[in-house]
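Undergrad: Next up is a structure, given as structure tokens.
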Amino acid sequence: MSHPHSGAIKKRAGFPACPFLTKSGKDARHTNTSRILHLHEAPYLTWKKVTALYKADPALSLPYQLSPSELSKQLRLSAEQAGTLYHYLHTPENKMAAYQARHIHILTPFMNEYPPRLHHIYDPPWVLYARGNLELLQTPSSLAVVGTRKLTAYGWNAMNQFLSPVIRQNRTIISGLAIGTDTLAHKIAVREKGTTIAVLGSGFDCIYPRENTGLAEHLSTHHLLLSEYPPSTPPRKWQFPMRNRIISGLADAVFISEAAERSGSLITAYQALEQGKDVKALPGPVFSPMSKGTNQLIKEGAAPVTSFEDL
Numbered sequence: 088m089s090h091p092h093s094g095a096i097k098k099r100a101g102f103p104a105c106p107f108l109t110k111s112g113k114d115a116r117h118t119n120t121s122r123i124l125h126l127h128e129a130p131y132l133t134w135k136k137v138t139a140l141y142k143a144d145p146a147l148s149l150p151y152q153l154s155p156s157e158l159s160k161q162l163r164l165s166a167e168q169a170g171t172l173y174h175y176l177h178t179p180e181n182k183m184a185a186y187q188a189r190h191i192h193i194l195t196p197f198m199n200e201y202p203p204r205l206h207h208i209y210d211p212p213w214v215l216y217a218r219g220n221l222e223l224l225q226t227p228s229s230l231a232v233v234g235t236r237k238l239t240a241y242g243w244n245a246m247n248q249f250l251s252p253v254i255r256q257n258r259t260i261i262s263g264l265a266i267g268t269d270t271l272a273h274k275i276a277v278r279e280k281g282t283t284i285a286v287l288g289s290g291f292d293c294i295y296p297r298e299n300t301g302l303a304e305h306l307s308t309h310h311l312l313l314s315e316y317p318p319s320t321p322p323r324k325w326q327f328p329m330r331n332r333i334i335s336g337l338a339d340a341v342f343i344s345e346a347a348e349r350s351g352s353l354i355t356a357y358q359a360l361e362q363g364k365d366v367k368a369l370p371g372p373v374f375s376p377m378s379k380g381t382n383q384l385i386k387e388g389a390a391p392v393t394s395f396e397d398l
């Protein structure tokens, strides 16, 4: 599925320009990684608010110079919220050292290690927390694999037959560590001695689902775990659609193996479309609930996958 064939799909209007690509190299050098991290974890500072602060002051020193009342006015916070934020901003804390001690890498858009593909997506993460092999973020060839949590025998067989040869061609598999399709995609990559990246919808200390804690630990040692959420962040429903934009953003193409009619996997497919990525889907039995979403994607222009060569 690509833009020329996407007339049936409504795109978002008015995407903001990526703030990291509109500043000079000099501005970027003046932007301090630990300061970005500090603001990223600040209470009541959303992606949009940090972006607005950066556009007003690329050095990001402005919020530390504002009084509680000024923070309230500039950021549209209540007096209580502004007071909490002011106290946070003026409480010394060496977050970088704490994360380094835990072997957690901090990546910001002004670092060479930050994945270049994410510079071009809608609301690229201000901070990425990473555990494992950072070189996988620079992989020349990658495939996102998403699908239903209720994996069928048909989907299981198709994934094993189609993904194994693709992985042996040195394509990095990107998925979200969810049960079902995501878990199988990661495990096939491990089995075939390939490489895989798991993008979480929670922090590293709150692996979801819990039954994948062991898999997550293995990936953090031999592959890569990635999250835009601080380690103590528990899983929340709204975080997973946000996570999906990173999964598709990191990949050259997105493969949806199975998906119900109203599946979270379809969110990833449409986000991939908006990012200009190729979307591929596994056609399935017309009476299977787990193929309704993929069959609909194919009707809307997604490329059908009937052999590994299609991937």
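Reading the sequence shown from the start, the letters are residues 88 to 398 in our numbering.
Every residue gets a Cβ at the ideal spot worked out from N, C-alpha and C, and that includes glycine.
1) Count the other CB atoms within 10 Å of the CB of D292; is the residue buried (16 or more) or exposed (fewer)?
2) Compare the C-alpha of G288 against each of K280, R297, T259 and Q256 and name the closest.
3) Would you mind stating whether V232 and L250 have Cβ atoms separated by less than 8 angstroms?
4) What's the C-alpha gap between R278 and S394?
5) In angstroms with no decimal places, state the Cα-to-Cα distance between P372 and S378.
6) Are the stretch 337-353 and the stretch 235-244 in contact at 8 angstroms, needing three or more beta carbon pairs?
7) With a cut-off of 8 angstroms, do at least 3 Cβ pairs link the stretch 189-199 to the stretch 174-181?
8) For the pair the stretch 303-313 and the stretch 347-357, tell me if three or more CB-CB distances fall below 8 angstroms.
9) Using DSSP's beta-bridge definition, name the partner residues of I123.
10) Which one or two residues does DSSP pair with A217 in a beta bridge?
11) First and last residue of the alpha helix (DSSP H) that includes D269?
12) Can R276 and I254 be called in contact, C-beta distance under 8 angstroms?
13) Round the Cβ separation of L223 and T259 to the nearest angstrom and send it over; I've been treating them as touching at under 8 angstroms.
14) Please name the residue in E361, L384, D339 and G336 whose C-alpha comes closest to that of R349.
15) Could you check if P227 is buried or exposed, using at least 16 other CB atoms within 10 Å of its CB as the buried criterion?
16) Where does the unbroken alpha helix (DSSP H) through K142 begin, and where does it stop?
17) How long is the line joining the alpha carbons of L153 and A169, rounded to whole angstroms?
18) My understanding is that T268 touches G242, with C-beta atoms under 8 angstroms, so please give their C-beta distance in whole angstroms.
19) Buried or exposed for N244, going by 16 or more other Cβ atoms inside 10 Å?
20) Restricting to Cα atoms, I'd like to know which of E396, L264 and Y209 is closest to S352.
21) Any idea what DSSP makes of F197, helix, strand or coil?
22) Give the single residue among D397, P370 and H127 whose Cα lies nearest to the Cα of K386.
TA: Checking against the coordinates, here is how it stands:
1) exposed
2) R297
3) yes
4) 20 angstroms
5) 6 angstroms
6) yes
7) no
8) no
9) Its beta-bridge partners do not exist; DSSP assigns none.
10) H192 and L313
11) T268 to R278
12) One detail in the question is off: residue 276 reads as Ala in this sequence, not Arg. For A276 and I254, yes; Cβs fall inside 8 angstroms.
13) 6 angstroms
14) L384
15) exposed
16) W134 to A143
17) 10 angstroms
18) 7 angstroms
19) exposed
20) L264
21) coil
22) P370
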